[in-house]
Amino acid sequence: MKTLSVNYYFYVLKILEEMGIKRDEITQIAPFELESNRHPSVRVKMNVLSDLLTFAEDKLKNPHIGIHISHNFRISNYGYGGNIYALCEDIEHSMALVIKYGSLAHSLGRFGAVPEICTVSKSVKYIWFPNFPARDDELYKHITECILSNYALSINWLSWNLPKGVQKMTFRHAPIEPISEYDKVLNCEIEFGAAENSIILDMACHKAPLTTANPLKLSGLQHKLNQKLAAYNRESELIGRVKQILHEMIEHQRPTLALVAKDLSMTERTFKRQLKIQETRFQEILRNVKMELCDSYMKDGLAFSEIAQRLWYYDQSALTRAYKKWHGVSPTQNKRRPT
3 MKTLSVNYYF
13 YVLKILEEMG
23 IKRDEITQIA
33 PFELESNRHP
43 SVRVKMNVLS
53 DLLTFAEDKL
63 KNPHIGIHIS
73 HNFRISNYGY
83 GGNIYALCED
93 IEHSMALVIK
103 YGSLAHSLGR
113 FGAVPEICTV
123 SKSVKYIWFP
133 NFPARDDELY
143 KHITECILSN
153 YALSINWLSW
163 NLPKGVQKMT
173 FRHAPIEPIS
183 EYDKVLNCEI
193 EFGAAENSII
203 LDMACHKAPL
213 TTANPLKLSG
223 LQHKLNQKLA
233 AYNRESELIG
243 RVKQILHEMI
253 EHQRPTLALV
263 AKDLSMTERT
273 FKRQLKIQET
283 RFQEILRNVK
293 MELCDSYMKD
303 GLAFSEIAQR
313 LWYYDQSALT
323 RAYKKWHGVS
333 PTQNKRRPT
């Protein structure tokens with residue numbers, strides 16, 4: 003699931019309030035119960051953040067809302083989940099922890115496990131892989147710019163005493179006019195329409211010792227984050243397990259919440275509560291599984307009537323209606339789309 007932590011979301015809200023948006027205006031457009039969802043384990047769906055940034059862009063007349071939020075985002079203000087990066091021995095160490103603990107802040111994308119090293123240009127490239135397809139790059143460009151710029155500016159902040167930091171950034175989406183705003187905020191070379199989203203930094207900066215390093219304090223904070231990460235992974239594993247059960251169950255019987263809860267050795271009430279903590283519902287997971295299977299069956303050339311039977315729809319027209327809700331077009335219209 004593409005989600006972000008409630009703490010991350012509230013920090014974005016705080017920045018937008020400082021930029022001139024009132025909290026009551028936010029509550030009117032964001033489908034998220036702000037005050038009743040302050041529990042640390044709550045996760046906010048990506049579309050909530052996307053709607054918020056679109057609203058802020060329009061309200062503030064600010065087409066560069068993503069990079070301006072990141073410009074005001076300080077890891078030192080984001081609790082020990084952010085402070086930990088300043089305690090590392092160097093940027094390489096910090097980025098390794100970003101890769102390890104990044105999902106605690108959000109699961110909207112991830113950096114590759116191993117950076118690309120270029121000895122010719124003496125640079126290090128970290129590629130950021132968003133958890134949405136390339137066709138949605140324009141739709142979620144504010145999210146991409148906010149997150150990737152935040153990482154780049156944080157690297158520069160950590161390496162403030164070094165002559166070089168981030169040399170270049172690349173984005174898969176098209177630029178937002180005026181382009182000069184990117185130079186003003188990010189102060190590095192920018193490439194748009196690239197094959198990947200990435201941050202490229204100087205190799206010397208990558209290995210240079212950080213003046214803020216504190217191994218003892220780092221060890222203590224890592225212990226806390228390891229516990230949080232273990233809990234988050236357990237919760238995330240629940241959704242993965244539910245999807246696995248549904249994939250297996252749907253082949254021989256109509257899946258229901260009661261049957262899946264029984265398979266998990268949970269009461270229905272406990273099962274619903276655990277899914278609520280994850281900001282999802284059984285029907286939402288079931289819908290996603292059906293979407294995945296339907297697309298897979300169609301690629302395999304199965305007749306739509308047979309797919310309807312396999313997915314436990316009453317008839318082909320019921321699946322057609324569901325398909326239009328998923329994709330915005332009918333199966334026939336989708337086949338006609340240019341690839």
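When the letters of the sequence shown are read in order and numbered with my numbering, they come out as residues 3 to 341. Even for Gly, the Cβ is constructed at its ideal location relative to N, Cα and C. Note that this is a predicted model, so its numbers are computed, not measured.
Beta strand (DSSP E) segment containing Pro132, residue limits: 125 to 132
Candidates Leu54, Asn74, Ser156: closest to Glu94 by CA position: Ser156
Paired residues, beta bridge with Pro211 - DSSP: Asp92
Sequence-distant residues of its chain with Cβ nearer than 8 angstroms to Leu231 (five each side left out): Lys102, Tyr103, Ser105, Leu106
Whole-angstrom distance between Val14 and Phe57, CA atom to CA atom: 13 angstroms
Cβ shell of Phe284 (< 8 angstroms), same chain only, five flanking positions each side left out: Val244, Leu259, Val262, Phe273, Lys274, Leu277
Where Arg323 falls, given that 16 or more other Cβ within 10 Å makes a residue buried: exposed
His208 to Phe75 span [Cα, whole Å]: 22 angstroms
Where Cys190 falls: helix, strand or coil (DSSP): coil
Under 8 angstroms between C-beta atoms of Glu191 and Gln169: yes
Of the listed residues Tyr184, His329, Asn163, Ser7, nearest to Leu110 (C-alpha basis): Ser7
Bridge partner(s) assigned by DSSP for His172: Checking the displayed sequence, the identity of residue 172 turns out to be Thr instead of His. Answer is Glu193, Ser200.
Rounded C-alpha distance that separates Asn216 from Ala210: 15 angstroms
Spatial neighbours of Glu37 in its chain, beta-carbon cut-off 8 angstroms, leaving aside the 5 residues before and after: The pLDDT assigned to Glu37 is 46, lower than 50, so where the model puts this residue is not dependable; a value taken from the coordinates is nonetheless given after this. Within the same chain, Glu37 has no close Cβ partners at all.
As assigned by DSSP and simplified to three states, the class of Gly104: helix
Of the listed residues Lys4, Gln280, Tyr325, Leu62, nearest to Ala28 (C-alpha basis): The sequence shown places Ile at residue 28, rather than the Ala named in the question. Comparing Cα-Cα distances from Ile28 to each of Lys4, Gln280, Tyr325, Leu62, the minimum goes to Leu62.
Which of helix, strand or coil DSSP assigns to Arg256: coil
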